[in-house]
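Student: Input: one structure, supplied below.
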């Protein structure tokens, strides 16, 4: 409910709908004409504000109250225009004590409140909420953009928003263009602003004001470039001087002096070079010459001349002090003090020398004298702090505290005088505790320090960082916010708060803190952080826009960030890495190359940064050459460590590439030189262990992991990897011990490691321990940590509690979102809507997202009934289809929670599949020959997240050909012919059948149930179905299957046949029974055994039984994300009670030897590439069987007697066979897959062929990688 003044709250209501005549018919017409947003507003207004009992308030009273409120608002506006903004804001707050009112009146409220420094952030947040709640209200969007432009940090976002708004057909163009011009007038007219001027002129080309600004900016840029060329040499020298490269600076400045001998800055720069080189006499000469050339800066050069002499002595003193030559140090500093007796720094230095001698009372006296000489100076206090700090860091913290106590007692200092110094000692205590792994005690120490000095920002900063490390960033934020409340104007407090926010990637909030620091109080580090946050904010804005599909604006913002980065290596590197994250590594590399080209000579630090970027984008050729050059140069300790990392990374990447292709020897060769150079490098050893694992050398991998742990016992990655190897090789007890060691090594508050352990446990399906660790994590983070919530969701998903899992994932997404920027979200939404709805679309959302958008608005924002929203959705769907908009726009998940949600949503992917399936088996026409053509149609309909309902409709045509009347041998062995027509038959109809099988079922991850029919229309029809369940408890798995299925070996066994003499039907064999299979997986090996027992029955067919035993072992040789290759051995045994393989009446026409043995060696290769998935498989087998003698008519003694008691002769045999098969599937569109498969079997007397082509239409677009192996639609007969 909107907040109104208390005296008006009961009566202040709107008079009625803003569109009282709008009806449903008009709304539909508007939608058809493309004005979707207009009809939404109209319907919302009609439903929200139509007159009714709830709004029947006396109109006169209501108007009087409204008039009074508006009168007070008008007074506040007058005050604000008169410059009395604080008074106006106070008046608005008193008018609306419960917060801002609703509707457009809120804009007046935020406009006045936001004009004050204290209220700007409140107005920004409120306006952003208005835009997010009602993104189609142009007035809100313009007001938010106008508010943004009032601050430098958000000005660019405001201009982008106004530019987007100006393109909208229903925005107030006059006011929007005016606001846009006002925003442009606030720009400095830099080269980077010219693009913004041009963008405006593209909309309003006749505007002379903006055109003049563009021309002026161009002139300024031309002049800047000319001047830059002149000053380039000088600036390069001064930059080198600032960077501490005095020798290089001297060379560059000397060269510049030849071209500009009377440039005082160059002359003075050479004086500074000499000063830093310790050549003070020469420095004085240069400064004197600079004074002659630049008399206007007389005091500057005279000061430098004096400074050169003074600091000559001071530095000599400091150097002697560093060398412990305290007598010489004292002599030099006293000489310096004779030149400047009152210099506080000199007195403080002398105090430091006394302190070094152990003369603490003398040091104290000098420090106090320094303060007395220059009370505003921090030199003496810094010296005293340094003394106490030195004692503290030496472990003499009790002594340091005692010193402070004695100073206080001796001089009558208040207890709080040295509170910050005492806090510093406790801070050192905390550092020592942290180094010992005692985090909780460190937190307590910092808490005590903060109690002593609540205004000490860096103690507060350290404590907040510890809270963040514990997984409680909100507690850290609250702590820093409290510091700002205590000292809202203290520059150091604001700096510390901004730095903490920067560490949480909250650039906009950090900028708000930094901009409160007065310009004259900003230190170099503050200015650099401010510039860094401006660039980081632009990077974050660009990323937000890119994720929402607004590529053009994302590109423009990132380009602007690159311009703002200038020549600062750190900033250029940040923008370059943003280009990498955006998927444009070439642009990133070009940026850094341009920077390198502008720097001469090239600092090693910059080249190391460039090497790190090349490493990230994996440009290994150039990286390798650069690393060789860097290895020959003098580098700092940190740079040398970076070089070590880069060399190892390059070797590891080369080794991993070879390992993935199966070239394990090549992988070892790639690592060997690096390991020889750096044998104890943990990353290299871990890469070597991966090679051993991929090469199926677990023992060698264990040895390498042990080697890593010998050097680094607390290396979590190595210990977890070792535990995994142990578990996969069957040493579960040892694996458990390793995990227990990890947990023992890890402090209870080390969330990162415990999260890693929990991830490992979930991946390894050790759910009992995973639940314990996750419960501890949940308690430690109060259920607010996104990663912990994801873990809880993964556990719930594995347990089959899918709705609960989805709830956790959504909470995790909200936790992730809380770390984002509302401004970025609002800007992204506004610009996304511009591109997808109002701009002439080349691409835009389809009908389904449009309906969802309507439903969301109806439920949460406008009060439109769901029924009306759905009715409108039908019209929207048609309108969008007419606009030629594609089916979907892929939005790949960017966070862990979003990825899990996407996986859950894929569980609800439903589809309809249809195929053309052909099986053919050569044989005797009319008898054993068999061709079956099936047209399987399957629908899989998701029911929640747990499973899918199945619907099958399969038209089937089965054909065996026509008996030949002249083939007496064949006629005698078919049906009842030999018994009833020994002389033969004149002819026989074609042996074929047609029908349609139907079935329904339900399938989850763990079980499947189905019930259906054999094809209705076949001579023999039956109810069939089954229930299958599968379970896995690593390393074991099993499945059980109870079913009744058709035997599809021949026309007789599948459809049944009609005897050509008697007309009786026989066949239609059904196999009823169960199968059980259990297996064991260890690493890449899989061993299993399966048992089956079935009863085979049919119409007028002898009942039979089948027993099956199958066992095998399989090894996976390649197991990559996109490919698998495996091979193995399978031993099969069948036993049938009777051999009913023949086609005389009473036989079933299915292969059923008395005993059968086979040994096969199957090979299988499947994978995916791009939109394709594939499967290739084959096997070679050897078999032996025994067939017993069987009567022609086993179920009819009368027919057996009439035929003369004939028998089918049995016997034993053996042979070889092979099979080949493959499948290929292609994702043609996000909704459509096309595929096919083909298989052949070849052995003596058995040569069937199988082929299928199929289509699969997904109800929702499939946006992830294509699944593999291919999944051809399966006829119900083969379930």
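Residue numbers (the working numbering): 1016 to 2294. Glycine residues also receive a C-beta, built at the ideal position from the N, C-alpha and C atoms.
Comparing alpha-carbon positions, which option in 1228, 1522, 1473, 1995 lies nearest residue 1506?
Tutor: 1473
Student: Tell me whether residue 1872 is buried or exposed, calling it buried when 16 or more other Cβ atoms sit within 10 Å of its Cβ.
Tutor: At residue 1872, the pLDDT of 33 sits below 50, so the modelled position is not reliable; the number obtained from the coordinates is stated separately. Burial call: buried.
Student: Report buried or exposed for residue 2220, applying the criterion of at least 16 other Cβ atoms within 10 angstroms of its Cβ.
Tutor: exposed
Student: Does the Cβ of residue 2132 have 16 or more other Cβ atoms within 10 Å, making it buried, or fewer, making it exposed?
Tutor: exposed
Student: Could you name the residues of the same chain whose beta carbon sits closer than 7 angstroms to that of residue 1356, not counting the 5 residues immediately before and after it, in chain order?
Tutor: none
Student: Give every residue of the same chain whose Cβ lies closer than 7 angstroms to the Cβ of residue 1138, excluding the five residues on either side of it in the sequence, and list them in chain order.
Tutor: 1125, 1128, 1129, 1162, listed in sequence order.
Student: For the beta strand (DSSP E) that contains residue 1936, what are its first and last residues?
Tutor: 1926-1936
Student: To which residues of the same chain is residue 1637 closer than 8 angstroms at the C-beta, ignoring the five residues directly before and after it?
Tutor: Scanning its chain for C-beta atoms nearer than 8 angstroms, with the 5 sequence neighbours on each side dropped, one finds around residue 1637 the residues 1629, in chain order.
Student: Which word fits residue 2294, buried or exposed, when buried means at least 16 other C-beta atoms lie within 10 angstroms of its C-beta?
Tutor: buried
Student: Are the Cβ atoms of residue 1517 and residue 1511 separated by less than 8 angstroms?
Tutor: no
Student: Going by beta-carbon coordinates alone, are residue 1437 and residue 1477 separated by less than 8 angstroms?
Tutor: With contacts defined as CB atoms closer than 8 angstroms, residue 1437 and residue 1477 fail to qualify as a contacting pair.
Student: First and last residue of the beta strand (DSSP E) that includes residue 1556?
Tutor: No beta strand (DSSP E) contains residue 1556, which is instead part of the alpha helix (DSSP H) from 1539-1562.
Student: Judging by CA-CA distance, which residue of 2272, 1753, 1102, 1121 is the nearest neighbour of residue 2244?
Tutor: 2272
Student: Confirm, please, whether the CB-CB distance from residue 1094 to residue 1103 is below 8 angstroms.
Tutor: yes
Student: Could you check which residue in 1207, 1329, 2025 has the C-alpha nearest to that of residue 1232?
Tutor: 1207
Student: Given a cut-off of 8 angstroms on the beta-carbon distance, is the pair residue 2241 and residue 2186 in contact?
Tutor: yes
Student: Taking the straight line between their C-alpha atoms, what separation do you get for residue 1616 and residue 1263?
Tutor: 8 angstroms
Student: If contacts are defined as beta-carbon pairs under 8 angstroms, then residue 2012 and residue 1975 qualify, I think. What distance do you get, rounded to the angstrom?
Tutor: Contact flag wrong, Cβ pair sits at about 19 angstroms.
Student: Between the Cα of residue 2127 and the Cα atoms of 2159, 2178, 2139, which residue gives the shortest distance?
Tutor: 2178
Student: Taking buried to mean at least 16 other C-beta atoms within 10 Å of its own C-beta, is residue 2222 buried or exposed?
Tutor: exposed
Student: DSSP three-state label for residue 2194, please.
Tutor: strand
Student: Are the Cβ atoms of residue 1828 and residue 1916 separated by less than 8 angstroms?
Tutor: yes
Student: Report the residue ranges of all beta strand (DSSP E) runs contained in full by the segment 1253-1306; include only those spanning at least 3 residues, in chain order.
Tutor: none
Student: For residue 1706, which of 1719, 1925, 1213 has the nearest alpha-carbon?
Tutor: 1719
Student: Rounded to the nearest angstrom, what separates residue 1462 and residue 1495 at their Cα positions?
Tutor: 13 angstroms
Student: Would the segment 2072-2086 and the segment 2099-2106 be scored as touching if the rule is three or more Cβ pairs under 8 angstroms?
Tutor: no
Student: For residue 2114, which residues from the same chain have a beta carbon less than 7 angstroms from its beta carbon, with the 5 sequence-adjacent residues on both sides left out?
Tutor: 2035, 2071, 2080, 2081, 2082, 2083
Student: In terms of DSSP beta bridges, what is residue 1223 paired with?
Tutor: DSSP lists no partner for residue 1223.
Student: Write down the C-beta distance between residue 2163 and residue 2015 rounded to the nearest angstrom, noting that I regard them as a contact closer than 8 angstroms.
Tutor: Not really, about 28 angstroms apart at Cβ, beyond 8 angstroms.
Student: Is it true that the CB of residue 2200 sits closer than 8 angstroms to the CB of residue 2171?
Tutor: yes
Student: Is it right to say residue 2285 is buried, meaning 16 or more other beta carbons lie within 10 angstroms of its own, or is it exposed?
Tutor: buried
Student: Can you give me the C-alpha to C-alpha distance between residue 1966 and residue 2069, rounded to a whole angstrom?
Tutor: 21 angstroms
Student: Just to confirm, are residue 2160 and residue 2208 a CB contact at a threshold of 8 angstroms?
Tutor: yes
Student: If you follow the beta strand (DSSP E) that residue 2110 is part of, which residue opens it and which one closes it?
Tutor: 2100-2114
Student: Is residue 1472 helix, strand or coil by DSSP?
Tutor: Looking at residue 1472 - three-state DSSP - the assignment turns out to be helix.
Student: Report the rounded CA-to-CA distance for residue 1188 versus residue 1561, giving the unit in angstroms.
Tutor: 27 angstroms
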